[in-house]
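Trainee:
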Amino acid sequence: MSLIFNLQSLGVQFGRIRALKACTLRIAAGERVALVGSNGSGKSTLLRALHGLVPPAAGSLWADAQARQAMLFQRPYMLRASVLHNVALGLWLNGAPWQPAREQARQALERVGLAELAGRNARVLSGGQQQRVALARAWALRPQVLLLDEPTASLDPTAKREVERLMAEFADTGMTLVFSSHNLGQVKRLASRVIYLEQGQLIADLPTPAFFKGPLPAAAENFLKGELA
Ligand SMILES: Nc1ncnc2c1ncn2[C@@H]1O[C@H](COP(=O)(O)OP(=O)(O)OP(=O)(O)O)[C@@H](O)[C@H]1O
Ligand SMILES: [Mg+2]
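Note that the working numbering has the sequence shown beginning at 2, numbered continuously upward.
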């Protein structure tokens, strides 16, 4: 399996806050990695670091430059423009000429089942629809690596299922997924590996069945008990 990410004692700092501390981690192509942990534990920071959005303060982060990445943020950002434009613009910004970008955007919207919304103003869509537009925008880039920050956090059960189904389908094509989630059911359904963070540290890093079977370090056990209660 080829390596996608290699982090050696990575530290990330925001002023005096150490958001990530000595994180050592390798992620190989095709893995489906879930990041779990309480609020402020560093999940979003780790995803942003993987995507090259925050610089290391210590240690090193290597990412395979050949593996195209796309990232889905917790609250998708939609421009005040049509759904089609929102998706096409992502492609155009990545170097595609406008007409092919529009055509690929149309295909991507079809892929996520939103073709009929192509002409609507993206800003007025529901949260679930916007998240699917964001998924289409990411998918249109044909990424080998998809980073998702709490992709279904604000979605109703139907939209949640739909986004999960798309994530599973993307993973089936060999795409590497790294996602954060507070939904342990979702973690069980989608992840092949679970990383538990606490106060910026990787406390547990296990294949999904082993993570849920335990035993885990006490902090992770307590977290799991709290989440399942
Ligand atoms: N841009 C920033 N500036 C200052 N501090 C930040 C910034 N981003 C994150 N932090 C801090 O870094 C720590 C980790 O935050 P992060 O957002 O990564 O946590 P999280 O695990 O994603 O939490 P949540 O479950 O609430 O989304 C927190 O203490 C947070 O306050
Ligand atoms: Mg977060």
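By construction, the Cβ of each residue, glycine as well, lies at the ideal position given by its N, Cα and C atoms. Since we're looking at a predicted model, the values are computed, not measured.
Note down the Cα distance separating Arg103 from Leu118, rounded to an integer number of angstroms.
Mentor: 14 Å
Trainee: What does the shell around ligand 2 hold, if a residue joins when its beta-carbon is under 7 Å from any heavy atom?
Mentor: Lys44, Ser45, Gln75, Asp150, Glu151 and Ser181
Trainee: Tell me the residue span of the beta strand (DSSP E) that contains Ala35.
Mentor: Arg33 to Val37
Trainee: Thinking Met176 and Pro152 are a contact (beta carbons under 8 Å), I'd like their distance in whole angstroms, please.
Mentor: Wrong, their Cβ atoms sit about 14 Å apart, outside the cutoff.
Trainee: Count the other C-beta atoms from every protein chain shown that fall within 10 angstroms of the C-beta of Thr1, then say buried if there are 16 or more, exposed otherwise.
Mentor: The structure shown does not extend to residue 1, since the chain is modelled only from 2 to 230, so the question has no answer here.
Trainee: Kindly indicate if chain D contains any beta-carbon less than 8 Å away from that of Arg190.
Mentor: Absent here is chain D; the protein component of the structure consists of one chain.
Trainee: Whole angstroms are fine: how far does the CA of Ala116 sit from the CA of Gly12?
Mentor: Straight through space, the alpha carbons of Ala116 and Gly12 are spaced by roughly 42 Å.
Trainee: What residues match up with Tyr233 in a beta bridge as DSSP calls it?
Mentor: No answer is possible for residue 233: the residues shown for the chain start at 2 and end at 230.
Trainee: For Arg107, I'd like the list of residues in its chain whose CB is within less than 6 Å of its CB, leaving aside the five on either flank, ordered along the chain.
Mentor: none
Trainee: Answer yes or no: do Ala123 and Ala82 have a C-beta to C-beta separation smaller than 8 Å?
Mentor: Yes, the pair counts as a contact, with Cβ atoms nearer than the cut-off.
Trainee: If I follow the unbroken beta strand (DSSP E) through Ala169, where does it start and stop?
Mentor: Per DSSP, Ala169 lies in no beta strand (DSSP E); the unbroken alpha helix (DSSP H) holding it starts and ends at Pro158 to Asp173.
Trainee: For Gly215, which residues in the same chain have their Cβ closer than 7 Å to its Cβ, ignoring the five residues on either side in sequence?
Mentor: Glu222
Trainee: Kindly indicate which three-state DSSP category Arg133 falls into: helix, strand or coil?
Mentor: Look at Arg133 here: in three-state DSSP terms it is helix.
Trainee: Which runs of the beta strand (DSSP E) fall wholly inside the stretch 62 to 127 and span at least 3 residues, in chain order?
Mentor: For the stretch 62 to 127, whole beta strand (DSSP E) runs of length 3 or above, ordered along the chain, are 70 to 73.
Trainee: Does the Cβ of Ile196 lie closer than 7 Å to at least one heavy atom of ligand 1?
Mentor: no
Trainee: Which residues in the same chain as Ser155 place their Cβ atom closer than 7 Å to its Cβ, once the five residues preceding and following it in sequence are excluded?
Mentor: Around Ser155: Gly128.
Trainee: Buried or exposed, going by whether 16 or more other CB atoms sit within 10 Å of the CB of Phe15?
Mentor: Per the 10 Å Cβ criterion, exposed.
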